[in-house]
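See structure below.
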Amino acid sequence: MKSYATLLAAGTVALGVSALGIQGAALAATPKDTVVIAYAIDDIISLDPGESFEFSGSEAITNMYQRLIAYDPKDVTRLYGQLAETWYVGGDGKTYTFKLRKGVKFHSGNVLTAADAAYSLQRAVILNKSPGFILTQFGFNKDNVKQRIRAVDDSTLVVETAEAVAPTFFYYCMTAVVGGVVDSKEAMKHEKAGDFGNGWLKSEASAGTGPYKLVNWKPKDSFTMIRHEDHWSGDKAKTRRVVVRHIAEPAAQRLLLEKGDIDFARNLGKDDLAAVARNKDIKIQQARKGAVLYISFSQKNPNLAKPEVREALKYLIDYDAIEKNIVQGTYVVHQNFLPQGFLGAISDRPYKLDVAKAKDLLTKAGLPNGFNVTMDTRNNSPTTEIAQAIQGTFAQAGVKLEIIPGDGRQTLTKYRARNHDIYIGRWGPDYQDPHTNAETFAMNEDNGDDAKSKTLAWRNSWNIPQMTAQIKAAVREVDPKKRVAIYEAAQREFLKTSPFAIMFQQIETVAHRANVDGFEMGPSFEDNVYYGIVKK
Amino acid sequence: MATRLVLTVLVTFLGLLLVTFFIGRVVPTDPVLAAVGDRAPAAVYERVRMELGLHLPLWQQFWIYVQKVVQGDFGTAVLTGKPVLSDIRRVFPATLELATVATLLGLIIGVPMGVFAAVHQNKWIDHVIRVLALFGHSVPVFWLGLVGLLILYAWLGVVAGPGRLDVGYFDVVDTVTGVILVDSVLAGEWEVFGNAFSHIILPAAILGYFSLAYIARMTRSFMLEQLRQEYITTARVKGMAESRVIWRHAFGNILVPLITVIALTYANLLEGSVLTETVFAWPGLGSYLTDALLAADMNAVLGATIIVGTIFIGINLLSDVLYRLVDPRAK
């Protein structure tokens, strides 16, 4: 017995000593030449610009690939050339010409030519992965794309759309991640079974001209990037290496940030943010994002189909209380389908909690005692808390809301099949042009079950031929001022009549160590760039 | 005998696959959404649905899957875009490392604790051990993990934080087994070993505490049963040393059931522990399987199920072998 106990004691002591002995190694701060970002990156499916369509994937790609043109995150109406020096649209309104910069080098050292730009757009159209529609909506398909997108010489790219559209619409689409220019020689070298190098680019390497190149991506673990030393601008990234670690738990992110084991925490909740804001070693940085939170009412439900009921429910949400108590620092009240920062966005806020008005409207609709209704709710935070707050205020006018909780993909599957009453959801724009949200919220070309285009308006069975025509006109309007006027009018009509109560616009809040600065955040995750990050 | 064993294993696997496959197909989640996201246009959605073979009847989908598995093709995981086998090769060593260290801790501390408690039945030490074991069995691992991090990492700074390594040690040693503790020793990188150890010790200790609680409780009750037997009284009457009575006679006789307990504990840990993995940002099998299940990513779910099934069957076989070694009657 004694010998066993001695052995046990010795073992325990050895374990303790070794644990203490390695604490020096364990508690090293992040290396000086490396920026460490904690972020929930488990949404990444691909790091190929022709395929990626997720938030954190898009952010990673932005730092590795550049587009022909981009917009200024501080003033999105200002477009500037990234890889293109000049660009213009021809008199027919369909032919766009881009003149490329000279002396731009890819991560491989290959020199950029217009052939690379043509190849990149062609492959995105032919692969036709999730973001492919951003390009194919201009009439490109696998049969015509090689004629319509072509390199005229080493530095000139010509793109011909099928019909004339608002040039701003086309340009904004070209600023999307899917417009990222790929090194054609490298991609072709790694092509397998006609995949344009997709298998290689999606997870193994980067082939862009951006300030960083991919070292490795371990799904649900981390991705690491290293500086592209030969960047064409001469102004290479300030920090040599960026490591983004997947840390899903906000409390763990907070502890790591407070200890200095990470430089940025990207997913802190309201309470964590309030706590770290008091820490002098930590700073908070915010940017408005394009995503909106909304609830929508299926028009298949006879009660919800009544215009007075739709309006009443919009008066039964306590927008300000939810912002203050549930989503402070992560969302702000916003009631229109175009988020602030978008061309044509308006800031009208006609709705606030007004139970008396809601009761009047319900009485007019023949429902003075309210009614019973269900809401499919994703079981995550803050969706559940917001749903519970809405449940409480709906009840004040007799509307008994039953919350049906479910996993995100389960509720989404139900919503897409139009089997819901009310749905609470989040929508992020696909590209920076107003058409992206206008199309999904305010267009429904065919309300039939087998419709080709299944927009959010369709999912809620909202039949709106007139508004659909209005939005279609906006996308063809060449005069930017007239285009803005159409969107403004459409939003005001939408606010009043639609089966959507848009509630909030997302704010991205990042906490970082005070000795680290220069992280640029824009209205989209595609605008979050690392190249200016410096560590003092 | 061997043929029968192989047949049993095959039938077990087929049943396991069949149940997992059909459960996966009847959950109300659309697997195409995991592949293309919510915003993909209808044409892309439809094409991917066909590529995934979801337009075919269920039995046909299953048949195609089994045929591929037999050829060693587990398909591609929708959630990572990588072959399921390469995903499992990446996540399983992380779980194996954590589970092994946790089980060793549970074993080294839990067994003697159980023996002590039994020998000192109803004395204060027994009560303390029983309360500790009960606590270990009833406290949520998520909470304990966060409290552990707060005290040992944030306040005292005696262990490292979440993750398997500090960033400074990323990609220093080549991946051979995927178990960083082993790979760093193979590469002679002791600093990396130290860092990996400082990262694993807390999550392993917390998981180990839960195994310890179970192992200690079971050891105690096995020992109590043995200590009441007449042969123990006889040995004591004969004047045999108490340590010999306990460790050689009583303990020797509980080895067979104890091996079963330990094997099952180890097998359970090898399935991965979602909550511990989440708190400690540990990229293991548990969170991989859970994410795959929630997204109805069936290739990943089935691949991981086969691994878990193999572990259970393997550990069962191993404990059979151990029985024979420790119990002469089983030979």
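So the protein sequences, as listed, match chains A and B.
Reminder that position 147 of the first sequence reads as 146 in numbering that gives the first Met the number 0, one-by-one numbering, no gaps.
Reminder that position 290 of the second sequence reads as 289 in numbering that gives the first Met the number 0, one-by-one numbering, no gaps.
All C-beta atoms, glycine included, are put in the ideal place defined by N, C-alpha and C.
Keep in mind it's a predicted model, so treat the numbers as computed, not measured.
(1) Helix, strand or coil, according to DSSP, for residue 242 (chain B) in the structure here?
(2) Count Cβ pairs between the region 277-290 of chain A and the region 423-440 of chain A that sit closer than 8 Å; are there 3 or more?
(3) Need the endpoints of the alpha helix (DSSP H) that residue 313 (chain A) sits in, please.
(4) Over the uninterrupted alpha helix (DSSP H) stretch that includes residue 493 (chain A), give me the two end residues.
(5) If you draw a straight line from the C-alpha of residue 24 (chain A) to the C-alpha of residue 65 (chain A), how long is it?
(6) Looking at the strands, I want to know which residues DSSP matches up with residue 197 (chain A).
(7) Counting contacts by CB-CB distance shorter than 8 Å, is residue 358 (chain A) in contact with chain B?
(8) Looking at the secondary structure, which residues open and close the beta strand (DSSP E) in which residue 58 (chain A) lies?
(9) How about residue 525 (chain A) and residue 76 (chain A): are their beta carbons less than 8 Å apart?
(10) For residue 250 (chain A), which residues in chain B fall below 7 Å Cβ to Cβ?
(11) Does any residue of chain B bring its CB to less than 8 Å from the CB of residue 27 (chain A)?
(12) Given this structure, state the Cα-to-Cα distance separating residue 21 (chain A) from residue 253 (chain B), to the nearest angstrom.
(13) Below 8 Å between beta carbons: does that hold for residue 51 (chain A) and residue 40 (chain A)?
(14) Might you give, ordered along the chain, the residues of its own chain that have their beta carbon closer than 6 Å to the beta carbon of residue 7 (chain A), omitting 5 neighbours on each side?
(15) Can you tell me the Cα-Cα spacing of residue 259 (chain B) and residue 197 (chain A), whole angstroms?
(16) Report yes or no: do the region 348-355 of chain A and the region 438-451 of chain A share at least 3 C-beta pairs separated by less than 8 Å?
(17) Could you tell me the boundaries of the beta strand (DSSP E) in which residue 207 (chain B) lies?
(18) Determine contact between the region 237-253 of chain B and the region 68-82 of chain B, defined as no fewer than three beta-carbon pairs at a distance below 8 Å.
(19) With a threshold of 8 Å between beta carbons, is residue 539 (chain A) in contact with chain B?
(20) To the nearest angstrom, report how far apart residue 511 (chain A) and residue 160 (chain A) are at their CA atoms.
(21) Could you give the C-beta distance for residue 503 (chain A) and residue 330 (chain A), rounded to a whole number, given that I count them as a contact under 8 Å?
(22) Could you confirm whether any beta carbon from chain B is found closer than 8 Å to the beta carbon of residue 132 (chain A)?
(23) To the nearest angstrom, how far is it from the Cα of residue 47 (chain A) to the Cα of residue 497 (chain A)?
(24) Might you give, ordered along the chain, the residues of its own chain that have their beta carbon closer than 6 Å to the beta carbon of residue 274 (chain B), omitting 5 neighbours on each side?
(25) Buried or exposed: where does residue 232 (chain A) fall if 16 or more other Cβ atoms within 10 Å of its Cβ makes it buried?
(26) From the DSSP output, which residues share a beta bridge with residue 216 (chain A)?
(27) Once the 5 residues before and after residue 17 (chain B) are set aside, which same chain residues still bring their CB inside 8 Å of it?
(28) Starting from residue 412 (chain A), find everything on chain B with Cβ-Cβ shorter than 7 Å and list it in chain order.
(29) So, under 8 Å CB-CB, residue 514 (chain A) and residue 521 (chain A) are touching, yes? Tell me the CB distance rounded to an integer number of Å.
(30) Compare the C-beta of residue 99 (chain A) against all C-beta atoms of chain B and say whether one is closer than 8 Å.
(31) At the 8 Å Cβ level, is residue 17 (chain A) part of the contact set with chain B, yes or no?
(32) Between which residues of its own chain and residue 42 (chain A) is the CB-CB distance below 8 Å, once the five residues before and five after are set aside?
(33) Going by DSSP in three states, residue 365 (chain A) sits in which element: helix, strand or coil?
(34) When DSSP labels each residue in this structure, what does residue 102 (chain A) get in the three-state scheme?
(35) Could you check which residue in A:446, A:309, A:378 has the C-alpha nearest to that of residue 359 (chain A)?
(36) Does residue 97 (chain B) pass the burial test, meaning 16 or more other C-beta atoms within 10 Å, or should it be called exposed?
Let's see:
(1) helix
(2) yes
(3) 306-313
(4) 479-496
(5) With a pLDDT of 40 at residue 24 (chain A), under the threshold of 50, the modelled position of this residue cannot be trusted, and the question is left open.
(6) Paired residue(s): none; residue 197 (chain A) is not in a bridge.
(7) no
(8) First-last for residue 58 (chain A): 54-61, but that is the alpha helix (DSSP H), not the beta strand (DSSP E).
(9) no
(10) 145
(11) Low local confidence applies: a pLDDT of 49 at residue 27 (chain A) is under 50, so the model's placement there is unreliable, with the coordinate-based value given in what follows. Judged by the 8 Å Cβ criterion, residue 27 (chain A) is in contact with chain B.
(12) Because the pLDDT at residue 21 (chain A) is just 43, under 50, the model does not fix this residue reliably, and the value given afterwards should be weighed accordingly. So the alpha carbons of these two residues sit roughly 38 Å apart.
(13) no
(14) Residue placement at residue 7 (chain A) cannot be trusted, given a pLDDT of 43 that sits under 50; what the coordinates show is reported in the next sentence. Correct list: empty, nothing qualifies.
(15) 48 Å
(16) no
(17) No beta strand (DSSP E) holds residue 207 (chain B); the alpha helix (DSSP H) holding it covers 189-226.
(18) no
(19) Any property of residue 539 (chain A) remains undetermined from this structure, which presents chain A solely from 0 to 535.
(20) 44 Å
(21) 4 Å
(22) yes
(23) 37 Å
(24) 140, 141
(25) exposed
(26) A:222
(27) 61
(28) 27, 28, 29, 32
(29) That belief does not hold up - the Cβ atoms of residue 514 (chain A) and residue 521 (chain A) are roughly 23 Å apart, past 8 Å.
(30) no
(31) Note that residue 17 (chain A) scores 45 on pLDDT, short of 50, meaning its location in the model is unreliable and no value can be drawn from it.
(32) 53, 54, 55, 56
(33) coil
(34) coil
(35) A:309
(36) buried
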